[in-house]
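Contents: one structure, followed by commentary.
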Amino acid sequence: MTKLLRKTRTLVDLALAWVLFACSHAFPRSRRIWVFVGWHRLGQREFLADNAKYLFLFASQRAKSAGIRPVWLSSDSELVEELRARGYRAYRERSIGGIFFALRAGYTFIDSNMRAENWQLSGGTRRIQLWHGVPTKLIGYQSPNRTVPSRMLSPNWHARPHMTVSTSETYSRIMIEAFHTDAETLRITGYPRNDVILSPVPDSDIGTTKLPPASGQIRQMLLYAPTFRPDGTNPLQHINLPRMYAFLKEHDAAMYFSLHPKLAGYRPQWDDRFAERMHFIDGGSDIYPHLHMFNACITDYSSTATDFLLLDRPVIYYRYDSAQYELGTGFQECEGDLTPGPRVKTFDELLSVLSSLARLKDDYADKRKRARECAFAQQDARSSERVLAAVLADAGIIDPLQQ
Numbered sequence: 090m091t092k093l094l095r096k097t098r099t100l101v102d103l104a105l106a107w108v109l110f111a112c113s114h115a116f117p118r119s120r121r122i123w124v125f126v127g128w129h130r131l132g133q134r135e136f137l138a139d140n141a142k143y144l145f146l147f148a149s150q151r152a153k154s155a156g157i158r159p160v161w162l163s164s165d166s167e168l169v170e171e172l173r174a175r176g177y178r179a180y181r182e183r184s185i186g187g188i189f190f191a192l193r194a195g196y197t198f199i200d201s202n203m204r205a206e207n208w209q210l211s212g213g214t215r216r217i218q219l220w221h222g223v224p225t226k227l228i229g230y231q232s233p234n235r236t237v238p239s240r241m242l243s244p245n246w247h248a249r250p251h252m253t254v255s256t257s258e259t260y261s262r263i264m265i266e267a268f269h270t271d272a273e274t275l276r277i278t279g280y281p282r283n284d285v286i287l288s289p290v291p292d293s294d295i296g297t298t299k300l301p302p303a304s305g306q307i308r309q310m311l312l313y314a315p316t317f318r319p320d321g322t323n324p325l326q327h328i329n330l331p332r333m334y335a336f337l338k339e340h341d342a343a344m345y346f347s348l349h350p351k352l353a354g355y356r357p358q359w360d361d362r363f364a365e366r367m368h369f370i371d372g373g374s375d376i377y378p379h380l381h382m383f384n385a386c387i388t389d390y391s392s393t394a395t396d397f398l399l400l401d402r403p404v405i406y407y408r409y410d411s412a413q414y415e416l417g418t419g420f421q422e423c424e425g426d427l428t429p430g431p432r433v434k435t436f437d438e439l440l441s442v443l444s445s446l447a448r449l450k451d452d453y454a455d456k457r458k459r460a461r462e463c464a465f466a467q468q469d470a471r472s473s474e475r476v477l478a479a480v481l482a483d484a485g486i487i488d489p490l491q492q
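Each number in our numbering corresponds to the 1-based position in the sequence shown with 89 added.
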């Protein structure tokens, strides 16, 4: 009976969503009202991160000169209050103000698939898809095991963007294939989140936690940022913590672990002495303001490593499950050209490569340069500015600061 009630409620909610979506077309949309919606959540909390965050911060700074009203909508009241305390316009999604701006927004900015709660009020708005990474793995319609949701049952998944941003011609081709995006809707602007890697961004500390300080003399700061695996396995099982601690101590280094938010529960309870050299970055926080602090990045398949190339620092690809991962997820055809660094499959191999880096041996500088040129048409801190200019042009709005 309970199962039947759940199915009935789901169908009722779906029918109501379609009705609301149809009704939302009746509301006049203002090209000067811009709504931003994030997707990063840890438990019941939402944290400010990714491309929507950095474009929102920049657009808010230019709001007066451009004559626009950027608004952040969130289900998290604490985030809303934090943004308001900093002077930004923010509302809870289900509040009167949140519903009003959702129905009046001429533009709605997202950097993932649109959630149903936002889709049902989006009729008539122009969706701007910022996405959240330059992928080396197959995504969207490319994924070998992807089951495309029904357009009727999951209409938010099929919401077509009015404009999609990209970082290069290479990734534009990937976006077209992965999301069935029209080529004429693509704009090569760079990703707003990468601005903070290359230059300070005001208020980028919102949604970010301070790095735990390392003890003793530190000459190298290493980042380990593995991605989420569909089977939910724990990547920390492939790090020998006592041996890693000994290596870090020997080489005056520290390692910071940044797990995917879905893996936050895997954080181990370790020996207190490890805390001298090994630290966890809160999984419910934005790591991008900290990336410039690291001397090297260890990852597997994460797009964060591609963005890290903008710093021209070594990347190590620790792929202990590469065959299994490729079978389940697949890689882009150009993946080999976009991962310029040593690939290791065992922990011993990882320590060997790290030892080479400690001796300042770096054999991948030329390959990193080629990968950067392929992945990023622009390598500066002006991506938010270019996205803003593209949307203002689409809206027919002139910003005197862009003259």
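Cβ coordinates follow ideal geometry from the N, Cα and C atoms, glycine included.
Please classify residue i: does DSSP put it in a helix, a strand, or coil?
i: W107; result: helix
i: I286; result: helix
i: R158; result: strand
i: Q150; result: helix
i: V223; result: coil
i: S166; result: helix
i: F465; result: coil
i: F436; result: helix
i: T395; result: helix
i: I405; result: strand
i: T316; result: coil
i: T388; result: strand
i: Q491; result: helix
i: A482; result: helix
i: K450; result: coil
i: Q326; result: helix
i: S445; result: helix
i: S472; result: helix
i: Q509; result: Only positions 90 to 492 of the chain appear in this structure, which leaves residue 509 out of reach.
i: S411; result: helix
Please confirm whether residue i and residue j have their CB atoms less than 8 Å apart.
i: G195; j: T214; result: yes
i: T278; j: S472; result: yes
i: L210; j: G419; result: no
i: K456; j: P429; result: yes
i: G377; j: D389; result: The residue asked about is misnamed: residue 377 is Tyr in this sequence, not Gly. Cβ distance not < 8 Å, so Y377 and D389 don't count as in contact.
i: G373; j: R204; result: no
i: R74; j: R118; result: Given that the chain is displayed from residue 90 to residue 492, the structure contains no residue 74 and the question cannot be resolved.
i: F397; j: H349; result: no
i: A464; j: T256; result: yes
i: D139; j: L287; result: no
i: D284; j: Q309; result: no
i: F363; j: L330; result: yes
i: I387; j: L311; result: yes
i: I486; j: I157; result: yes
i: V108; j: A191; result: no
i: Y345; j: I307; result: no
i: D410; j: T297; result: no
i: P250; j: T270; result: yes
i: S149; j: Y177; result: yes
To the nearest angstrom, how far is it from the Cα of residue i to the Cα of residue j?
i: Y180; j: V101; result: 27 Å
i: S444; j: F136; result: 36 Å
i: H221; j: A335; result: 36 Å
i: A385; j: D401; result: 9 Å
i: E415; j: A394; result: 18 Å
i: A314; j: A115; result: 45 Å
i: P489; j: R121; result: 15 Å
i: P291; j: L146; result: 8 Å
i: I199; j: V126; result: 5 Å
i: R276; j: H381; result: 26 Å
i: R173; j: Y260; result: 35 Å
i: A466; j: A460; result: 11 Å
i: R151; j: E258; result: 28 Å
i: P224; j: S392; result: 5 Å
i: L500; j: Y280; result: Because residue 500 is not part of the residues shown, which for the chain are 90 to 492, the question remains open.
i: R175; j: E167; result: 13 Å
i: D361; j: I328; result: 17 Å
i: M46; j: D426; result: The first residue shown for the chain is 90 and the last is 492, placing residue 46 beyond what the model contains.
i: A141; j: K92; result: 37 Å
i: S347; j: A248; result: 31 Å
i: G229; j: Q413; result: 19 Å
i: A454; j: K153; result: 43 Å
i: S164; j: W246; result: 19 Å
Looking at the strands, I want to know which residues DSSP matches up with residue i.
i: F369; result: F346
i: T197; result: V124, R216
i: F116; result: Its beta-bridge partners do not exist; DSSP assigns none.
i: R181; result: S163
i: M310; result: A343
i: F420; result: K226
(Q) What ranges does the beta strand (DSSP E) occupy inside the segment 240-300, keeping only unbroken runs of at least 3 residues that lie completely in it? (A) 252-255, 275-277
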